[in-house]
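Notes to accompany the following structure.
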Amino acid sequence: MSIVPNSPALAELHHGAPCWVDLATTDLRATTDFYSGLFGWTFADAPGNAIALVDGVPVAEVVVAAQPSAWTLYLNTPHARATAEKAFALGGEVLGEPSDTVTVVADPTGAVIGFRHVPPDWVFGTDGHGAYAWAELNTRDGQVADEFFGELCGYEITQIGDGQAVDYTLWGVQGHTVLGRQRMGRAFAPGTPAHWMVYFTAAPEIGTDSAATRVLELGGRVTVEPYDTPFGRITVVADHTGAVFSVIDPSRTTPLPEEDATETRVDDPYDD
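In terms of the working numbering, the sequence shown opens at residue -1 and continues consecutively.
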């Protein structure tokens, strides 16, 4: 019997769309205990890692490594090595030796992201409780990021707001919105590096506030208290190792007051 209130859907594997997330850890047992306690994940063992499942659907991977890392988002690509070469030619940095199936790069603003070539039968669960919900790039140079990823992935880029007080763009593939890009402003501490924020879903029956409380019970931190947005109720948290991610209940949408329509709330995961 499922211990979660709703099951994930399967991601549409468009070129440039999210297809996987993973987290490196030095203590596989402690990390799987944290996320099973938070999201109800079960795990399938594999050599050196564990695949997280929600109702039997893969939603993430935990990898044993020499040092812990942040959550890494992976985008679908037809050829990882060719993507690495193109990213380098566009001013990015290739981190480690790419293979035909996987590469990790830093964009010209410094944020790290992965690319994977996945087979047609690849399964990545999204939107159900504890599954991937959304990701956005936080950077201080939005134009550079838009140009880099627009050229690298062929995104259709839509500006939200006026590009000044509110500088947020949506990146789309074949009419499907797949990612966001936010320019970091005064709400982010000086020196905060460019980074990707990965969001996981909280089902309405559980909610964002309960998820934040559970993070604390499991030894993590709440870096941004739950707050309402037009897209759902959101909190930013860190797990027991300090890996930062967001939790969103998309059923709890709240329109912005008219006086706030020209402002946007941003989350500084480095703000303790």
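We treat Cβ as the ideally placed atom computed from N, Cα and C, and that holds for glycine. Please read these numbers as outputs of a predicted model, since none were measured by experiment.
task = Indicate whether Leu36 and Ala42 have their beta-carbon atoms separated by less than 8 angstroms.
result = no
request  = Work out the CA separation of Asp237 and Asp25 for me, nearest whole Å.
outcome  = 13 angstroms
Simplified DSSP assignment, three categories, for Leu135 = strand
key: Beta-bridge pairing of Tyr72 - partner residues as DSSP gives them   = Trp18 and Gly112
request  = Verify whether the separation of the beta carbon atoms of Gly112 and Val121 is less than 8 angstroms.
outcome  = no
message = Check this for me: beta carbons of Ala58 and Val19, under 8 angstroms apart or not?
response = yes
ask   = Which residue's Cα is closest to the Cα of Glu215: Tyr153, Val235 and Arg138?
value = Val235
query = If you draw a straight line from the C-alpha of Asp105 to the C-alpha of Gly140, how long is it?
reply = 11 angstroms
task = Kindly give me the distance between the Cβ atoms of Gly178 and Glu154, rounded to whole angstroms, as I take these residues to be in contact under 8 angstroms.
result = 13 angstroms between Cβ atoms; not a contact.
task = For Ala7, count neighbouring Cβ atoms within 10 angstroms of its own Cβ and tell me buried if that reaches 16, exposed if not.
result = exposed
inquiry  = If the criterion is Cβ atoms closer than 8 angstroms, does the pair Arg231 and Arg212 meet it?
reply    = no
message = What does the Cβ neighbour count give for Tyr225, buried or exposed, with the cut at 16 atoms within 10 Å?
response = exposed
ask   = How many Å lie between Pro253 and Thr227 at the Cα?
value = 7 angstroms
query = With 8 angstroms set as the bound, which would you pick, yes or no: does the beta-carbon of Thr251 sit closer than that to a beta-carbon of chain B?
reply = Protein chains in the displayed structure number just one, and chain B is not present.
task = Alpha carbon to alpha carbon, how far is Thr124 from Val92? Give it in angstroms, no decimals.
result = 28 angstroms
ask   = Under a three-way DSSP split, which group does Ser244 fall into?
value = strand
inquiry  = Quick check: Phe146 and Gly90, are their CB atoms within less than 8 angstroms of each other?
reply    = yes
ask   = How many Å lie between Ile87 and Ala109 at the Cα?
value = Before going on, a small fix: residue 87 reads as Ala here, not Ile. The straight-line gap from Cα to Cα measures roughly 17 angstroms.
task = Report the option in Pro118, Gly152, Tyr72 and Gly189 whose CA atom is closest to the CA atom of Thr137.
result = Gly189
request  = Specify, as a first and last residue, the run of the alpha helix (DSSP H) that Ala236 falls within.
outcome  = Segment Gly230 to Ala236 is the beta strand (DSSP E) holding Ala236; no alpha helix (DSSP H) there.
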